[in-house]
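full-length UniProt numbering puts the first residue of the sequence shown at 1, with every later residue one more than the last. Glycine included, every Cβ here is placed at the ideal spot set by N, Cα and C.
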Amino acid sequence: TETEFHAFVFPVLALILGLILDEMNKRISFLGIPDSVLQFLIALFASFAIHKFLPAKVLVELTDKYSWTSLHPETLLMVLLPPLLFESSFKINSHLFFSKIYLITSLTVVAYYGTLLIASAIMLPLLTQTVHLKRSGVFLFSSIIAATDPVAVVSILEQYGAPHRLRILIEGESLLNDGLALFTYRVLASLLEVELGFAKYLKIRKLVFVLFMSIIGSLVMGAAGARVVAWIISKLQQNKKRQAFILVSVYSMFMLCETCSASPALGLVVFGVMLSSYREMFAPETTEMALELWAAMGYWANNVIFIFAGFSVGLEIFSRSEHNVYRQIHGSNYFEIDMEDMAVIVEGMLLSPIPLFARIASIYLFYKFYGLLSSQPIPPRTDFTILAYAGLRGALGLILAMELRNVLGGEPTKKILLLTCSTTFVCLVFQGMTFSSFATREGSTKRSKYVKDTCVRLCRFLDVKVREAIRVMELDYSSHLNGTNWNVVKVQTSECLGKHTTAMEREMLQQQDDELLETSDEEGSDKESKGDRQDTDTRIGFYGILLARVHDSWSHGALSGPTAHIIIAILEHGIDEGQITVRDIEHHLKVSQPSLVDIVLYKVSEYLFMWIGYESCINRLAQIGSCPLLRSQRTDTLQYVTSRPFEKWWMFQTGIMCLYCILIAHVNYDEATDKTRAIVYIFLMAIWIMNVTQTLYIVHKNSIRSKCSSSSSSLTKDVSPAEYRNHVSFLNRLLSKETLPAIISCLLMSGAFVLSIIILNEGYCIRGEKSDSVKCQCLRSITFALLVISTLYSLTIAAPLFIVMLREYSIERQLMQARIRLSALHFLHHLVASLKISPDLFCSSAYKTARREAMSFDKVIDGLMRLELKENAAEIDVVPVIKTRQAVRMMSYQLENILNVLKIEGFMPPDSKEKWGEVVAELRESADGILWVPQVSFEDALEGVWWIRSLRESSKQTVINLLIKALSVAQVRRFTSGTIIKIGSRRIWFLKKGICKITEWLPLQARRHYHEIHISQGSFVGERNILKTKWKGPLLPLMWPKRRYETTTFCEMVEINEKAIADIIAVEPSIYTVISNKVQAARLITELRHSYRKRQDITMESFWTTFESCGTILNREKQLKVPEGRIGIIGCWTQITLVAPRTALDSRLHVRGPAKLWVKPADSRAPGMVHFEKVRYEDSAEHAGDNTSCISFVHDGPGKVRALSSS
């Protein structure tokens, strides 16, 4: 109808006006006016104009038709509030939110009620005297303005680049604040109704019930609804269906909480946060589209609210009576401004600092006394300073004030609306426009500086790469680009990149000038040196590169969600703080540790399992699914997470039947209305359908099992086809021990169903005089008895099922928590090791800082991995599971890339993209389902040994076969952590499981430095002893280091004797040369790192690059000259014959030039090596600082990690 069409005019116009104002605000961005403030101002001025200059009759008609002033307040709340709440809660980082849930919850309660009480205490004497508000009206006004708006807060944070460590705290506090605000608003609105005479007394029981439902009911409904919705979304095939279902679910959850007297805001916030934590259950594109869709809906709702609020304030200023009857001036057809309302607005503006002061005071009290109530570390002072200042008012307060005005009416509610609008307006203008400079002064804009600095570096890098791409295209003499004016292409590209680069550099220079201006008034002891700031910015850039790679791996499914959450939290902390310490990593890894609930659940499940953990008739009766009820825990086979869909369905049906028995007992033997009795009996039909479906499944499963057993017997006996078909008759299958109980239960339920049909027939046993007859009572009693018997049978099966499923869940959860912790450390180690830091993205000094930070960060991660495996020996077996799951996930990522390439090249039909997407998703899900993998075979492990990979393909397999033969016949020896292993001089050991530490040193050096190396499972220990095989030298070389072998964790090792080593060298003599070069190069790198500062970040790749010009390979004895200004470092498998003069050999056993050096290979089968290093005096210090190749840690207490010094 025409009236329904008019209802869509205002939101459409509000959206159009909001888009126009946003574009206009970009042109005047130098003023720093928030978008919400500009929308409110324009709507207010427009309302002033049309009320002042339009005739009353026309204005009343336009207002009634096209504005939303006539809408019911609950409708307005239900339409506009869900997009705002769900958009903010769904996009929040649920992992960080739950990790800080205690801090956020306690902060929200203290901040909200502290602000409410302090503001009410200050404003109570003022408002009761000036605007004559009731005491409950003052408290109600304070409860409205104490609510912070997440949309307003998040928009300011995103616009001015506030640090990420504050976003979770501010967003979480704002979201939970809404639930408290709505509940408190309802209670105080009820008090105001009593005080104004709209109600006779306060309904205490109703308020207690509302309190219970708001706190407990909202949490339960939101969490349960999110779990059900996530499961349904994962089963839907098309993305459009998923988005439609999410849309319906959001509004359904809001209406459900509203109907059940719970808090719709809190329920929807919990629903959004929990649904965000289940993102792994559905495809990444579903999450991306949902975020975009709800961001658009939240943007629309925010525009409508602020424009509607500005229009409503103008409407209230020109109105006085309760029914919006406009007053005209001296009989004319125009309206006048109500000066009393203007006075209320001015008073609200003057009172606007009071809520800010009250919030600052409550946050200060929380910061001072939080440490007395919790042992968790409290965030720094600057976080709470910005948190107190970022409590902006916005859409929620305006909605509540407008709802109060429309529900109760009257002059007090009008004054509360005007006070709320004016206070919110001043808050957004003042705090919104000054938040940027305030955050900068507090030193909390490192993230925005990092983003801008990254953009500038990227633009410069792109300028070089684009020029190279243009040159390649120019040299491509294809007919497609023949005749192109390449000068125009170069000019256009350079101008485009240059313009944006200049703009970004100007912003950075302006920001640096502002910082210097702000810090110029501070004392010199508080200033940060320029070099430290540059190092901090470089580290932030390095963490940002890692963070981008993690996000890419997570979004494409190459990394699991729980692992990605922990890594993202660690890197986000590094970007915010400028560094990542060991304590920071340990703090974020604590999330994966078992909680008290997990420990209790595991112990209870193990205790209950003791009573059913054996073969019995009840267990055989409960064997209804495809998975065995009592599964043997084998470690030599691939095992997946147990999936019991039918068992879960049985548990659900049993719970429904128990509930239904209680209901049927109530309607049969208690006073119940005829309507209730009829509904309960009709509900029996659904239970009967569930029971029939379940019975058909059991019959079908038993039929398949019988065919499989018949097939296996036919393979061993000569069975004819006729005998095969009649091997197990249909009647025998129905009467089997698996099928007969289910059929009996189904028959009982069918009998109850038939009796319920008789009872419902024409309703004579439901209502009327005959409902209490003997016949009806017998029918109802028989129906109840049949239901009880069927329910008891279901409970008999469900009891062992529940115990087994509870135990499986607790075990799988403990394994998952161990996997998450190790997986996060392993992926960080892989990320840093595979990262190629380009000097094009860093300047020379920043490039070195980034390289040093990468090496230091890698050492810390490696040390924490070893500490984890050392303290938890059982987790060593989990490492292959982690790497296997990660490999499958990475394979799904590669498969997705291949499919995308095929799609771009046109080899994939458009219709098949969704089907192939399902294949990728299934492969990714199969990785998450891996619970245990068998131990890696010797052949697979040997394929990954570095010196075997370098062999020729023709001899590689022969060497592997010889090693497998030697390993298979040898005994596996087991060593506990900290055991010194005597390797011997001519044997090697294969590390089958665990981590081993190698400490080496030169005994003849004047000042020994100890170098530690850690090798993990799948490698050889003491492989340098291969060089001693059939070696007949009189003495070991001077630079041959001594070694001590010690187990870091529990280890399993297998010995390979000298004969087996000689056999593999005879097959492939190049093994001797490969190992000699690697051992000597590793020792030369160690000497360079320990002796010279400028070679701290040398790697194996960079060493071989520089060795071509600075080193010498010796195949025979040779005289070398060490020039002046250089130092000769001899390889550890190279003999020194003579040094002239002898004083040239320094305390580190290096030859300082000018000198002559006679050297030869220690063995003719492998060349010797000498490296010449050009050094200055200041570079050749006795010890070059922190140059250890690894760091070892130990726990000094809960959450305390200490680094161990070298041996």
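- Nearest candidate by alpha-carbon position, reference L462, set M473, L1036, G498 and E474: G498
- Item | Buried or exposed by the 16-neighbour rule on C-beta atoms within 10 Å, applied to L659 | exposed
- Task: Leaving aside the five residues before and after N177 along the sequence, list all residues of the same chain whose C-beta is less than 7 Å from its C-beta, in chain order.
- Result: T108, Y112, A147 and T148
- Selected residue, minimal CA-CA separation from G1111, among V600, M213 and I1129: I1129
- Task: Report, in whole angstroms, the separation of the C-beta atoms of I837 and R852, which I expect to be a contact under 8 Å.
- Result: The pair is not a contact, with the Cβ atoms about 11 Å apart (cut-off 8 Å).
- Task: Might you give, ordered along the chain, the residues of its own chain that have their beta carbon closer than 6 Å to the beta carbon of I1026, omitting 5 neighbours on each side?
- Result: I1061 and I1075
- Message: Can you check which of these residues, T128, A301 and I1098, is closest to G18 by C-alpha distance?
- Response: A301
- I think G397 touches T420, with their Cβ atoms under 8 Å apart; what is that distance to the nearest whole Å? 6 Å
- Message: Residues in the same chain with beta-carbon distance under 6 Å from E1087, minus the five sequence neighbours each way, listed in chain order, please.
- Response: I1129
- Message: On the criterion of 16 or more Cβ atoms from any shown chain inside 10 Å, does W486 qualify as buried, or is it exposed?
- Response: exposed
- Where are the alpha helix (DSSP H) runs, 4 residues long or more, that stay fully inside the stretch 346–396, in chain order? 353–373 and 381–389
- Message: Rounded to whole angstroms, what is the Cα-Cα separation between P910 and L902?
- Response: 11 Å
- Message: Can you look up L133 in the DSSP assignment and give me helix, strand or coil?
- Response: coil
- Task: Could you tell me the boundaries of the beta strand (DSSP E) in which E1011 lies?
- Result: The sequence given here places His at residue 1011; Glu does not occur at that position. Looking at the DSSP string, the run of the beta strand (DSSP E) that includes H1011 is H1011 to S1016.
- Within this structure, are the beta carbons of G1131 and L1084 separated by less than 8 Å? yes
- Task: Check whether the stretch 410–426 touches the stretch 349–358, counting contact only when three or more Cβ pairs, one atom from each stretch, lie closer than 8 Å.
- Result: yes
- Task: Look at the alpha carbon of G267 and the alpha carbon of K1094, and state the distance between them as a whole number of angstroms.
- Result: 59 Å
- Query: Whose C-alpha, out of L1035, T581, D1063 and A927, is nearest the C-alpha of Y640?
  - Reply: A927
- Query: Which term fits V1079, buried or exposed, when burial requires 16 or more other beta carbons within 10 angstroms of its beta carbon?
  - Reply: buried
- Considering residue 1223, what are the terminal residues of the beta strand (DSSP E) in which it resides? Summary: the structure shown does not reach residue 1223, with the chain confined to residues 1 through 1207, and so no result is reported for it.
- Message: Taking the beta carbon of Q39 as the centre, do at least 16 other beta carbons fall within 10 Å, making it buried, or is it exposed?
- Response: buried
- In the stretch 1028–1083, which residue ranges form an unbroken alpha helix (DSSP H) of at least 4 residues, counting only runs that do not cross its ends? 1058–1067
- Message: Give me, in chain order, the residues of the same chain whose beta-carbon lies closer than 7 Å to that of G1125; leave out the 5 immediate sequence neighbours on both sides.
- Response: G1153 and K1174
- Cα-Cα, which of L192, T958 and L1138 is closest to V1067? T958
- Query: Which of the three DSSP states, helix, strand or coil, is assigned to D1163?
  - Reply: strand
- Message: Tell me whether the stretch 1039–1051 and the stretch 998–1006 touch, counting them as touching only if at least three CB pairs, one residue from each stretch, are closer than 8 Å.
- Response: yes
- Task: Kindly list the residues whose CB is nearer than 6 Å to the CB of Q1135, restricted to its own chain and excluding five residues on each side of it in sequence; keep chain order.
- Result: P1037, K1160 and A1162
- Using beta-carbon positions only, say whether F90 and L275 come within less than 8 Å of one another. yes
- Could you pull the start and end residues of the beta strand (DSSP E) that I876 belongs to? Unbroken run through I876: none, as it is neither H nor E.
- Task: Tell me whether E23 is buried or exposed, calling it buried when 16 or more other Cβ atoms sit within 10 Å of its Cβ.
- Result: exposed
- Item | I811 to Q593 span [Cα, whole Å] | 14 Å
- Thinking C-alpha only, which one of H1014, S756, G541 and Y602 is nearest I1191? H1014
- Task: State yes or no: is the C-beta of F990 within less than 8 Å of the C-beta of I981?
- Result: no
- Where M1169 falls, given that 16 or more other Cβ within 10 Å makes a residue buried: buried
- Query: Would a C-beta distance cut-off of 8 Å place I876 and H829 closer than the cut-off?
  - Reply: no
- Message: What does the Cβ neighbour count give for L1004, buried or exposed, with the cut at 16 atoms within 10 Å?
- Response: exposed
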